[in-house]
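Residue numbers (UniProt numbering): 1 to 269. Beta carbons: idealized from backbone N, C-alpha and C, even for Gly.
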Amino acid sequence: MVSGVTIRGTTRLIGIIGDPIIQAKSPAAVNPLFAARGADIVSVPLHVPAKDLTTIWAGLKAMPNLVGFGITLPHKQTAIDLCDSLDPVAARVGAVNLVRREKDGSFRGYQFDGKGFVRGLQSKGITIGGRDAFIVGAGGASVAIAFALVEAGANSITVSNRTLEKAEALAEAVNADFGRKVAKAGGPKPEAGQLVINATSLGLHDTDALPLDPDFLQPGMTFAEVIAQPETTRLLALAAAKGVETHSGMHMITGQADLTVDHICELWA
Ligand code: ATR
C-alpha cells in the first residue's frame, strides 16, 4: 500500500532519480495526490549514481510501465543531453526536473522550478499579477523563477546578485524573451511592497551568510524562500519577526508536486 493505493500488476510507475536519494520528498508529496485522483500510478525513489546514469536511463526507457521520473541532484543538468526532446522552459534554464514518457515512447524533459514556485505562492493566496518582484541570485533557480513570475503577470523584476554581470544577463534574457523591458539588474536593496525572493542557496546551513541585509525587509513586503530544508531559514525568521509576510520554500515543493501530478495524469491516468 502507498497512501491508501493498492499496487497491482496494472500500476504505472513514476520514479525520482538522484544520488543520494534518501532525502527525496517527492514520493511523499505526489503519492497522496495520485491517490486522491484515483490514478493507478505510484512514485518510488530510485538511487542512481552519476556514473551509472546513462545505463540506467536506457533501462528506464525500455520499461513501458514507467511513465516518467523526477530528477534531483546531481542529474538535473546532465539529463538535458539524454532527453529526446525538451520543453522550452527546460531548454532555457538548462536543467530538467521531470521527464515524462510521451505517447510515442520518447522521453521529454520539463522544468517546474519556476512554475512550482509560483503555484506554491498562489496556493497561499499571494497574487503575482501586477506585483513588483526582487530576486536575490542569478543562478538556475533565479532564471526559472524570473520567467515564471513574468508569465504569471508580474509587473517588474529586479535581479540583485553578487556577480552583477549574471544579473544583467538574466534581465536581458527575460526582456528579449518577452519583447519588453520588464526586468533589470539592481542593487542590494528592495523597494517598499516588493515580493522579495531569496533564490540563492544561502540559508541551507545555519552558518551561511545572509543573502540580504535584514534591515532592508519591511512590513508590506512579501519574503519568499526557495530553501525548503530548513523550513525556516535564519533570514525568514528575522523577516517574520519584523512583521514581514513570509513564505517558506516548502510551498515550492507542494507547487511542483501539483504540477507533476497534473502533467503525468494528463497522459497516463
Ligand atoms: P542554482 O542553479 O541552484 O540557482 P547556482 O547556479 O550555484 O545555483 O547559483 C547560486 C546563486 O547564489 C548565484 O546567484 C550566486 O551568486 P554568483 O552568481 O555571484 O555566484 C549566489 N551565491 C552563492 N553563494 C553566494 C554567496 N556566498 N554570497 C552571495 N551570493 C551567493
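Per DSSP, the bridge partner or partners of residue i
i: MET63; result: MET63 is not bridged to any residue.
i: GLU225; result: ASN198
i: ILE14; result: SER43, GLY68
i: LEU86; result: GLY109
i: SER160; result: VAL136
i: HIS247; result: ALA224
i: PRO211; result: Per DSSP, none; premise fails for PRO211.
i: PRO219; result: MET221
i: ARG100; result: GLY68, ARG108
Buried or exposed by the 16-neighbour rule on C-beta atoms within 10 Å, applied to residue i
i: HIS205; result: exposed
i: ALA24; result: buried
i: GLY109; result: buried
i: LEU98; result: buried
i: LYS51; result: exposed
i: ARG100; result: buried
i: MET221; result: buried
i: SER142; result: buried
i: PRO188; result: exposed
i: THR200; result: buried
Close beta carbons around residue i, own chain, < 6 Å, minus the five adjacent residues each side
i: GLY114; result: ALA144, ILE145, PHE147, ALA148
i: THR246; result: PHE223, LEU236, ALA239, ALA240
i: GLY140; result: VAL93, ALA95
i: MET1; result: Because the pLDDT of MET1 is 49, which lies under 50, any placement of that residue in the model is unreliable, and the number read from its coordinates should be weighed accordingly. Taken in chain order, the list of residues that qualify is empty.
i: ALA173; result: none
i: LEU212; result: VAL136
i: ALA167; result: ALA138, VAL159, ASN161, ALA185
i: residue 302; result: Lying before the first or after the last residue shown, residue 302 is absent from the chain, which here runs from 1 to 269.
Close Cβ partners of residue i (< 8 Å) along its chain, the five nearest in sequence each way excluded
i: ARG37; result: VAL261, CYS265, ALA269
i: CYS83; result: ALA90, VAL96, VAL99, PHE107, ARG108, GLY109
CB contact flag (residue i, residue j, <8 Å)
i: LEU164; j: ALA185; result: yes
i: GLU231; j: MET252; result: no
i: GLY120; j: GLY255; result: yes
i: LEU66; j: VAL42; result: no
i: LEU259; j: GLY116; result: yes
i: ILE197; j: VAL136; result: yes
i: ARG131; j: ASN155; result: yes
i: ALA169; j: ASN175; result: no
i: ILE22; j: PHE69; result: no
i: GLN218; j: ALA192; result: yes
i: ALA105; j: ILE128; result: First, the amino acid is wrong: residue 105 is Gly here, not Ala. Not a contact, by the Cβ cut-off of 8 Å.
The ligand GDP heavy atom lying under 7 Å from the CB of residue i
i: LEU202; result: In the structure on display, the ligand GDP does not appear, and the ligands it does have are the ligand ATR.
Cβ-based neighbour list, residue i, same chain, cut-off 7 Å, excluding 5 preceding and 5 following
i: ASP19; result: HIS47, VAL48, PRO49, ALA50, PRO74
i: GLY125; result: none
i: GLN111; result: ASP87, VAL89, ALA90, VAL93, ALA95, VAL96, ASN97, ALA144
i: PRO45; result: ILE16, ILE21, ALA24, PRO27
i: ARG180; result: none
i: PRO190; result: PHE134, VAL196, PHE216, MET221
i: GLN77; result: GLY94, ALA95
Query raised in the report: Could you give the uninterrupted runs of the alpha helix (DSSP H) lying entirely in the stretch 170-204, keeping only those of 4 residues or more?
Result: If we require 4 residues or more, the stretch 170-204 turns out to have no alpha helix (DSSP H) run fully inside it.
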